[in-house]
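One line per chain: the protein sequences are A and B, in this order. According to our numbering, the first sequence is numbered sequentially starting from 178. According to our numbering, the second sequence is numbered sequentially starting from 178. Just so it is clear, CB atoms sit at the ideal spot from N, CA and C, and this is done for glycine as well. A short write-up of the structure that comes next.
There are 2 protein chains.
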Amino acid sequence: MAPSAKADMKEAVAAAKEVFWVHGFDDASIEELVQATGLNRYALYNTFGGKLELFLAVLEDYYTERKSLFMTTLGDPAHGPMDAIRHVSEFCITEMAERGAGCLMCNVAQEVGQHEEIVSERVKTYLDEIQSAKEMALTQAEERGELNPAITPGEGAALLMSNMLGVGVMARNGASRRQLLNVFNTCMAALSVTKPHEKT
Amino acid sequence: MAPSAKADMKEAVAAAKEVFWVHGFDDASIEELVQATGLNRYALYNTFGGKLELFLAVLEDYYTERKSLFMTTLGDPAHGPMDAIRHVSEFCITEMAERGAGCLMCNVAQEVGQHEEIVSERVKTYLDEIQSAKEMALTQAEERGELNPAITPGEGAALLMSNMLGVGVMARNGASRRQLLNVFNTCMAALSVTKPHEKT
DNA sequence: TGATAATTAGAACCATCATTCTGAAATTGC
DNA sequence: GCAATTTCAGAATGATGGTTCTAATTATCA
Numbered sequence: 178m179a180p181s182a183k184a185d186m187k188e189a190v191a192a193a194k195e196v197f198w199v200h201g202f203d204d205a206s207i208e209e210l211v212q213a214t215g216l217n218r219y220a221l222y223n224t225f226g227g228k229l230e231l232f233l234a235v236l237e238d239y240y241t242e243r244k245s246l247f248m249t250t251l252g253d254p255a256h257g258p259m260d261a262i263r264h265v266s267e268f269c270i271t272e273m274a275e276r277g278a279g280c281l282m283c284n285v286a287q288e289v290g291q292h293e294e295i296v297s298e299r300v301k302t303y304l305d306e307i308q309s310a311k312e313m314a315l316t317q318a319e320e321r322g323e324l325n326p327a328i329t330p331g332e333g334a335a336l337l338m339s340n341m342l343g344v345g346v347m348a349r350n351g352a353s354r355r356q357l358l359n360v361f362n363t364c365m366a367a368l369s370v371t372k373p374h375e376k377t
Numbered sequence: 178m179a180p181s182a183k184a185d186m187k188e189a190v191a192a193a194k195e196v197f198w199v200h201g202f203d204d205a206s207i208e209e210l211v212q213a214t215g216l217n218r219y220a221l222y223n224t225f226g227g228k229l230e231l232f233l234a235v236l237e238d239y240y241t242e243r244k245s246l247f248m249t250t251l252g253d254p255a256h257g258p259m260d261a262i263r264h265v266s267e268f269c270i271t272e273m274a275e276r277g278a279g280c281l282m283c284n285v286a287q288e289v290g291q292h293e294e295i296v297s298e299r300v301k302t303y304l305d306e307i308q309s310a311k312e313m314a315l316t317q318a319e320e321r322g323e324l325n326p327a328i329t330p331g332e333g334a335a336l337l338m339s340n341m342l343g344v345g346v347m348a349r350n351g352a353s354r355r356q357l358l359n360v361f362n363t364c365m366a367a368l369s370v371t372k373p374h375e376k377t
């Protein structure tokens with residue numbers, strides 16, 4: 178592969194990601210993907226194999242970006258664990274609001290996941306890993322006395338997951354960034370130790 | 178319309194509801210709908226007009242059932258407001274788990290809502306009404322001192338909505354009834370006044 | 001430059017599916 | 001019991017869209 182071919186491919190995946198993100202899998206037409214990536218049909222099929230394979234590449238790219246952001250932020254001693262969760266979640270919410278399109282992974286989990294076994298398996302794996310990372314963060318928070326004592330780290334991680342999934346659905350239904358952040362902040366407030374008359 | 182025709186139509190809507198619930202809008206084929214309803218193509222088109230119109234009838238039926246269950250439960254003095262929320266939510270979660278298919282309305286909001294303006298409008302209206310009902314319940318809970326003081330009724334209602342939406346996505350991805358209930362219970366615990374060492 | 005190979009744009013192919021049409025079967029009303 | 005209407009099952013229709021093919025163009029390299 179030529180040295181620039183890899184860069185082109187990364188660019189193509191990024192462009193395709195935007196199309197799939199907004200339109201989902203079924204409604205992303207090859208024509209749109211061709212236009213967005215700048216590749217033509219022939220090159221697109223030669224490079225990736227087909228629509229599904231291109232999508233899987235997009236999905237992996239999307240997941241990897243998120244996961245590494247999370248791990249980096251969690252590992253950064255400048256952030257406490259609750260701040261790390263907040264930082265990553267706000268990043269995701271901003272992206273959702275910009276596109277009015279929820280989380281790429283979850284959108285498609287609902288859609289193509291029903292038909293293509295490989296997609297739903299991959300999404301399940303990815304979601305599990307993200308939930309584990311959140312549980313890790315909440316475990317640290319618990320040790321620091323920052324977690325609502327009525328809730329275990331495992332429960333809290335599942336709650337955070339459902340919250341982000343729900344926020345994604347709301348984003349797709351036209352909720353504003355502000356509204357999405359409010360919902361997320363409420364969840365964080367509920368997870369934190371309760372200090373009456375002193376909200377975050 | 179013959180006296181039995183109305184009953185037949187209700188039955189047909191109920192049968193179609195199951196198909197749309199599991200398959201979504203696009204992937205529910207007319208053939209499946211014909212088989213499920215017992216109507217044939219001709220009758221189906223004559224009675225409802227088309228796939229979209231049939232779906233709108235299904236959507237209204239679904240919403241009406243949920244809304245009236247909620248209002249009845251909320252009005253019943255046997256339940257406190259938090260119990261009413263719990264009762265209705267558990268009903269919905271059971272239905273989701275049975276079908277492995279989340280909430281009919283939200284599934285389709287993500288899917289067909291992108292294309293058919295009328296569907297997304299209707300879903301938005303329905304969701305707003307449900308959120309209002311939850312806010313009403315939480316206002317009552319606040320008055321009884323049963324709401325986490327870090328959270329307002331409005332915020333709590335939005336959190337509950339996102340929780341149910343998120344739970345729906347999880348259901349569609351194969352989560353068990355037990356797992357779904359755990360996530361919901363965590364949310365309720367987070368919304369309730371914190372009593373350490375004494376979880377619900 | 002000239003012959004070979006790669007790339008392009010768009011047409012062709014094929015499958016799917018909502019909708020409509022059609023001729024046969026059943027039902028109704030008299 | 002028969003004519004008129006309604007209902008049926010399945011075949012045509014028409015549109016969409018993923019994939020493949022093709023003929024023309026461009027690039028490569030001796």
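Cutoff 7 Å; reference residue i; Cβ partners in own chain excluding five residues on either side
i          : result
Glu-161(A) : Absent from the structure is residue 161(A), since the part of chain A shown begins at 178 and ends at 377.
Phe-202(B) : Phe-232, Val-285, Glu-288 and Val-289
Ala-318(A) : Pro-258, Met-259 and Leu-324
Val-346(B) : Gly-279
Spatial neighbours of residue i in its chain, beta-carbon cut-off 6 Å, leaving aside the 5 residues before and after
i          : result
Val-190(A) : Ala-234, Val-235 and Asp-238
Leu-342(A) : Cys-283
Ala-193(A) : Leu-210, Thr-214, Leu-231 and Val-235
Ser-266(A) : Phe-361
Leu-304(B) : none
Ile-262(A) : Ala-314
Met-330(A) : Rather than Met, the amino acid found at residue 330(A) in this sequence is Pro. Closer than 6 Å at Cβ, skipping near neighbours: Glu-312, Leu-315, Thr-316 and Glu-319.
Asp-185(B) : none
Buried versus exposed call for residue i [16 or more other C-beta atoms within 10 Å across all chains shown]
i          : result
Gly-227(B) : exposed
Ala-327(B) : buried
Cys-364(B) : buried
Glu-375(B) : Only weak support is given to the placement of Glu-375(B): the predicted model assigns it a pLDDT of 44, under 50, and the value that follows is read from those uncertain coordinates. Exposed, by the Cβ-count rule.
Ala-348(B) : buried
Arg-218(B) : exposed
Arg-243(A) : buried
Pro-373(B) : Note that Pro-373(B) scores 47 on pLDDT, short of 50, meaning its location in the model is unreliable and no value can be drawn from it.
Thr-249(A) : exposed
Ala-255(B) : exposed
Arg-321(B) : exposed
Residue i Cβ short of 7 Å to the ligand GDP heavy atom set
i          : result
Glu-188(B) : Ligands in the displayed structure: none, and consequently the ligand GDP is not present.
Sequence-distant residues of its chain with Cβ nearer than 8 Å to residue i (five each side left out)
i          : result
Asn-325(B) : Gly-333, Ala-367, Leu-368, Ser-369, Val-370 and Thr-371
Thr-377(B) : Low confidence applies here, because Thr-377(B) scores a pLDDT of 42, under 50, leaving its location unreliable; read the following figure in that light. Here the set comprises Asn-362, Met-365, Ala-366 and Ser-369.
Asn-340(A) : Val-360, Phe-361 and Cys-364
Val-300(A) : Leu-236, Met-282, Cys-283, Val-285, Ala-286 and Gly-290
Under 8 Å (Cβ pairs) to chain B, residues found in the segment 201 to 235 of chain A: Gly-201, Asp-203 and Asp-204
Members of the segment 326 to 360 of chain B that neighbour chain A once the beta carbon cut-off is set at 8 Å: Pro-326, Ala-327, Ile-328, Glu-332, Gly-333, Ala-335, Leu-336, Met-338, Ser-339, Asn-340, Met-341, Leu-342, Gly-343, Val-344, Gly-345, Val-346, Met-347, Arg-349, Asn-350, Gly-351, Gln-356, Asn-359 and Val-360
Contact between the segment 300 to 319 of chain A and the segment 355 to 366 of chain A (3+ Cβ pairs under 8 Å): no
contact_flag[the segment 206 to 217 of chain B, the segment 269 to 279 of chain B] where n(CB pairs < 8 Å) is 3 or more: no
Under 9 Å (Cβ pairs) to chain B, residues found in the segment 254 to 274 of chain A: none
Proximal residues, the segment 283 to 298 of chain A versus chain B, C-beta separation under 9 Å: Cys-283, Asn-284, Ala-286, Gln-287, Glu-288, Gly-290, Gln-291, His-292 and Ser-297
Contained alpha helix (DSSP H) runs [length at least 4] in the segment 249 to 336 of chain A, N- to C-terminal order: 258 to 276, 281 to 288 and 294 to 320
Contained alpha helix (DSSP H) runs [length at least 4] in the segment 335 to 370 of chain B, N- to C-terminal order: 354 to 368
Minimum length 4: unbroken alpha helix (DSSP H) runs contained in the segment 197 to 236 of chain B: 207 to 214 and 218 to 225
Contact list for the segment 183 to 197 of chain B against chain A, Cβ threshold 7 Å: none
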